Structures are given as C-alpha cells and as structure tokens.
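Have a look at the structure below, then the notes.
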Amino acid sequence: MARSGKSVTTGDAMPDRSQLIDVDPERRRYEIRKVDLWSVVRTALLFNLAGLGVIVVAGVVIWLLAAALGAISGLEDFLGSLLSAKDFKFASLQILEGFILLGLIMVAISTILVTVATSIYNLFAERLGGVALSLVEEYDE
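Heads up, the sequence shown is in the numbering used here, so the first residue is 528 and it goes up one at a time.
Now the structure itself:
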C-alpha cells in the first residue's frame, strides 16, 4: 500500500517501520454530521457542576481570608455607619446559600443553552454538511 513505488503483497509479512518511513503521509477526511444530544447534556452538566464547585470553594476561601484579615468587619462597620444601623452584620450562611442557588440556576441555563446549540448544529449539519476534519497519519523516524 505504499505510494513511493514499493508495494507490499498480501502474502508477504508486514514491512518494518524503516521501510515505511519514505511513504507519503496518509490523509483521511471525516465529517461530524450529528452529535448525540444526551452525551452533550451529560458532559455539559458535569463540566458546569465542576465549575460551580471550583467557584464556590474559591469564594469560601476568599471570604474566610477576608474575614481573617478584618476586611469583612471593616465593610460591616462602614455599611452600618452608612445605613445608620448599629449592629449591621453579613449573614455569611445566607450569602453562601444564595450564591450556590444562583450558581445552580446558571448551571441549568448553561446546560440548556449548550443543548439548544447542539440541536441547532445538528439541524444545520443535516442540511449543509457537518464539520470537516482532515487527519494525517505520519510515521516517526
């Protein structure tokens, strides 16, 4: 199957790599015409949940660091004097719960948008053709 003038017959043993080095790289063309929606939903949901987990952990670490440095109490004092409230305090647990709830809503919206975009891609790929990929197989020396 070599293109450089050498040929391999079916009865012979397979040639070793040194004989295949001077062969032209083989090109193959593929088209992605349909993407499975269920696999996209699962993948998008897992990526979005992982991203939410990272953001929540980072937010908690930043909040604890700011509280340890006194920035949270300074902000509470400033807002208390600005609003004329003597005992103004942030409800840290309620802020965290609201943050997580907002994050879960964003995860749902993002997963739905990715699914809709995949459906639109499938419709266009069915009519116009999918994404074309050219893969080249090269042999290392």
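Virtual Cβ for every residue (Gly too), placed ideally from N, Cα, C. Being a predicted model, the structure only gives us computed values, none of them experimental.
Classification of residue i by the beta-carbon crowding that lies within 10 angstroms, buried from 16 upward
i	result
residue 479	Nothing can be reported for residue 479: it is not among the residues displayed for the chain, which extend from 528 to 668.
residue 612	exposed
residue 571	buried
residue 667	exposed
residue 528	Legend: pLDDT at residue 528 = 43, less than 50; position of this residue unreliable, value from coordinates given subsequently. By the neighbour-count rule (16 or more Cβ atoms within 10 Å), residue 528 is not buried but exposed.
Beta-ladder partner(s) of residue i, from DSSP
i	result
residue 600	Per DSSP, none; premise fails for residue 600.
residue 624	In the DSSP output, where bridge partners are listed per residue, residue 624 has none listed.
residue 665	Note: residue 665 sits in no beta bridge, so no partner.
residue 658	559
Among the options, nearest to residue i - alpha-carbon criterion
i	options	result
residue 655	555, 553, 556 and 560	560
residue 565	581, 642, 619 and 637	642
residue 562	646, 660 and 608	646
Sub-8 Å separation of residue i and residue j beta-carbons
i	j	result
residue 575	residue 658	no
residue 599	residue 617	yes
residue 663	residue 554	yes
residue 581	residue 638	no
residue 579	residue 625	no
residue 623	residue 587	yes
residue 584	residue 627	no
Proximity test, residue i beta-carbon vs the ligand ATP heavy atom, cut-off 7 Å
i	result
residue 646	This structure simply doesn't include the ligand ATP, nor any ligand for that matter.
Proximity test, Cβ basis, 8 Å: residue i and chain C
i	result
residue 657	The displayed structure is made up of one protein chain only, and chain C is not part of it.
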